[in-house]
Every structure is written in structure tokens, then in C-alpha cells.
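S.K.: Under my numbering, the very last position in the sequence shown is 190; numbers go up by exactly one each time.
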Amino acid sequence: MALLVPAAAGCARLSVSLPAHVRGHRPLVTRFTTLATLSPATRGGEAVDWAEATSSFFQGDSRPIMLFDGVCNLCNGGVKFVRDNDRNRSIRFEALQSEAGMKLLRRSGRAPDDISSVVLVEKERSYIKSEAVLKIMEYINLPFPQLAFFLQFVPLFIRDFVYDNVANNRYTIFGRSESCEI
Numbered sequence: 009m010a011l012l013v014p015a016a017a018g019c020a021r022l023s024v025s026l027p028a029h030v031r032g033h034r035p036l037v038t039r040f041t042t043l044a045t046l047s048p049a050t051r052g053g054e055a056v057d058w059a060e061a062t063s064s065f066f067q068g069d070s071r072p073i074m075l076f077d078g079v080c081n082l083c084n085g086g087v088k089f090v091r092d093n094d095r096n097r098s099i100r101f102e103a104l105q106s107e108a109g110m111k112l113l114r115r116s117g118r119a120p121d122d123i124s125s126v127v128l129v130e131k132e133r134s135y136i137k138s139e140a141v142l143k144i145m146e147y148i149n150l151p152f153p154q155l156a157f158f159l160q161f162v163p164l165f166i167r168d169f170v171y172d173n174v175a176n177n178r179y180t181i182f183g184r185s186e187s188c189e190i
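1) Under 7 Å Cβ to Cβ from Met145, same chain only, skipping five residues before and after it: list those, please.
2) For the pair the region 160–174 and the region 135–145, tell me if three or more CB-CB distances fall below 8 Å.
3) Following the continuous beta strand (DSSP E) through Ser134, name the residue where it begins and the one where it ends.
4) Can the beta-carbon of Ile148 be found closer than 8 Å to that of Asn93?
5) Run through the DSSP bridge pairs and tell me what Val127 is partnered with.
6) Determine the burial state of Ser70: buried for a count of at least 16 other Cβ atoms within 10 Å of its Cβ, exposed for fewer.
7) Applying the 10 Å Cβ sphere with the 16-neighbour rule, what's the burial state of Glu225?
8) Buried or exposed for Ala175, please, with buried defined as at least 16 other CB atoms from any protein chain shown within 10 angstroms of its CB.
9) Rounded to the nearest angstrom, how far is the Cβ of Arg184 from that of Asn81, given a contact under 8 Å?
10) Do you know how far the Cα of Gly117 is from the Cα of Asp57?
11) Please state whether DSSP places Arg178 in a helix, a strand or coil.
12) Under the three-state reduction of DSSP, which class applies to Ala103: helix, strand or coil?
13) Considering just the uninterrupted stretch of the alpha helix (DSSP H) at Cys83, what are its terminal residues?
14) How big is the Cα-Cα spacing for Glu130 and Ile181?
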């Protein structure tokens, strides 16, 4: 079991041993992504607060940012789908491979070269994998917010299992492009 404990630069992860009769049970809170990395990175020997370093992304525009794999045909199609169904332009887009995308990945507690998942970064929180997809669905037009409401009742481990299988085979099934098309 891991607990998130407040630390100077965000949150720290603390491992706790559980008694044998509790180990098999699923924790009530399955995932929490902080805006700061769990182990602060350093730039020139100084710790970097990635929430502070990326705060300018939300100063003039508080809309969430969808991070996606810019060379993945499935991901580019997903971005086009979201754009077509987001009449209010509630979501901004950034490729994971871009400099801004890498900074926002760090803000979300992920490695800057991790392109394995779509990430939705809000001003105060980040979502990954199936949680990101459901949250994106809440921002776009009908009937997707209602569909997201019902899909949230599917256990996270099942949603992420399906997500991971599609994500791990996305280049094989859908192909990839040489550069970001969006």
C-alpha cells in the first residue's frame, strides 16, 4: 500500500506493510496523480517544482490540456474526434513529444519520455489512461458525458486493462505517422 504524504515540493510516496489478512483487498482510493513529481527532479542541482514551472500554461487559459502521442494514428484520430465533438472548445491539445508536453508529463508525475498513455492535465489535477478518457468525455457534447457516467462504474482495473491492451498495440493496428498531424 502506498500513501501520499505532503512534502515540500508536492507529495511523497510512503510504502506501508499491511497485515496478511488485508493484503488481498483492493484499496478504496485506487489512483491519485499529483501535479508535482513524486521524487523532485533537479535542474542544475536545484529541485524543480513542475507545478510552478508549468503554471504559465494555465494563467491566460484555464482549459484542460489533452496530451496525446503525436505520431500515433489512433491518437490523432482521437484528437480529431474530440475536436469535432467539443463545440465549446473546452479542451486544448499538446503532443506528448513536444517540449510543453514533456513538462506537463513531469507535472503529472510521469517520466518526460513516457508516451504510453493519454493524459488530461487540469489546473489542479491530472488524469491518465481510462480516467483521462472518461474525463475528456465529460467535457465534450452529448451523449458522451452520460456515457462516461455509466462507464465509471466499470472497475478501474478492467478499464485500464482494456486501455493498456489497445495502447500497447496501437501502432500495429492503426499505424504511425512520421510527424504529428494535429
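C-beta atoms are modelled at their ideal positions from N, C-alpha and C, and glycine is treated no differently. On a predicted model such as this, the values are computed, not experimentally measured, just so you know.
M.R.: According to the structure shown:
1) Counting only residues of its own chain and dropping the five nearest sequence neighbours on each side, Met145 has a CB closer than 7 Å to the CB of Phe152, Pro153, Leu155, Ala156.
2) By the criterion of at least three beta-carbon pairs nearer than 8 Å, the region 160–174 is in contact with the region 135–145.
3) Looking at the DSSP string, the run of the beta strand (DSSP E) that includes Ser134 is 134–136.
4) In this structure, Asn93 lies closer than 8 Å to Ile148 by Cβ.
5) Within the DSSP bridge table, the entry for Val127 names Leu75, Ile136 as partners.
6) Within a 10 Å sphere around the beta-carbon of Ser70 sit fewer than 16 other beta-carbons, which makes this residue exposed.
7) This structure cannot speak to residue 225, because the chain is shown only from 9 to 190.
8) The Cβ neighbour count for Ala175, taken over all protein chains shown within 10 Å, is at least 16; the residue is labelled buried.
9) Indeed, because the Cβ distance is near 6 Å, the residues count as touching under 8 Å.
10) Those two C-alpha atoms are separated by around 11 Å.
11) Of the three classes helix, strand and coil, the one that applies to Arg178 here is helix, per DSSP.
12) The answer is strand: DSSP assigns Ala103 an E or B state.
13) Counting along the chain, Cys83 sits inside the alpha helix (DSSP H) bounded by residues 81–92.
14) Taking the straight line from one Cα to the other gives about 30 Å.
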